[in-house]
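The next block holds one structure in the form of structure tokens; read it before the comments.
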Amino acid sequence: MERKGERNMKLERYNSNGRFHEAVIHNGVLYLSGQISDKGETVSEQALSCLEILEGKLEKYGSDKKHIISASVYLPDMGTFDEFNGVWDNWFEEGTQPVRTCVGAALSDTKFKVEITLIAAVKEA
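Each residue of the sequence shown is one higher than the one before, starting from 75 at the first, in this note's numbering.
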């Protein structure tokens, strides 16, 4: 049932694993699920791997890192905050950084040092 004044609420959902989707696009905004990586032993190594994977997903769904609107970063050890920031700061071109939240959180396995979720604008064709 459509409510009076309600806009088109079309959601495009991609790559479900049965529990969640890898990506959802709504009104030109791309929402990517959390990304982890077990490549490397350090926060720096895993963060760079996560960001490289996310960059591929951004491109796959019609965006890029210059169009990231918001990022959420989850670190199980907030003592690695500065180490993470070193990777983060080098990954973006000056002036293209999104808004960001970074919180301490337990991840699904202790081998994971960081998880990152992104929201980005889809580039116009």
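The beta carbon of each residue, even a glycine, is placed where N, CA and C say it ideally should be.
Would the segment 108-117 count as touching the segment 137-144 if we require 3 or more Cβ pairs under 8 Å?
no
Grab me the residues of T170's own chain with a C-beta within less than 6 Å of its C-beta, minus the 5 sequence neighbours each way, in chain order.
Within the sequence shown, numbered from 1, the residue matching residue 170 stands at position 96. K140.
Can you tell me whether L85 is buried or exposed? The criterion is at least 16 other CB atoms within 10 Å of its CB, across all chains shown.
Taking the sequence shown and counting its residues from 1, one reaches residue 85 at position 11. Exposed is the call here.
Note down, in chain order, each residue of its chain lying with its Cβ closer than 7 Å to the Cβ of T154, except the 5 sequence neighbours on either side.
Translated into the one-based positions of the sequence shown, residue 154 becomes position 80. Hits under 7 Å: V117, K187.
Would you mind stating whether A194 and S107 have Cβ atoms separated by less than 7 Å?
Counted from its first residue, the sequence shown places residue 194 at position 120. Counted from its first residue, the sequence shown places residue 107 at position 33. In this structure, S107 does not lie closer than 7 Å to A194 by Cβ.
Counting C-beta neighbours from all protein chains within 10 Å, is the total for S111 16 or more, i.e. buried, or is it exposed?
Here residue 111 is taken as the residue at index 37 of the sequence shown, counted from 1. The residue in question, S111, is buried, as its Cβ has 16 or more Cβ neighbours within 10 Å.
Here's the rule: buried if 16 or more other CB atoms are within 10 angstroms of the residue's CB, otherwise exposed. What is V161?
As a position in the sequence shown, residue 161 is number 87, starting the count at 1. By the 10 Å Cβ count, V161 comes out buried.
First through last residue of the alpha helix (DSSP H) which encompasses V117:
By one-based count along the sequence shown, residue 117 stands at place 43. 117-134 is the extent of the alpha helix (DSSP H) around V117.
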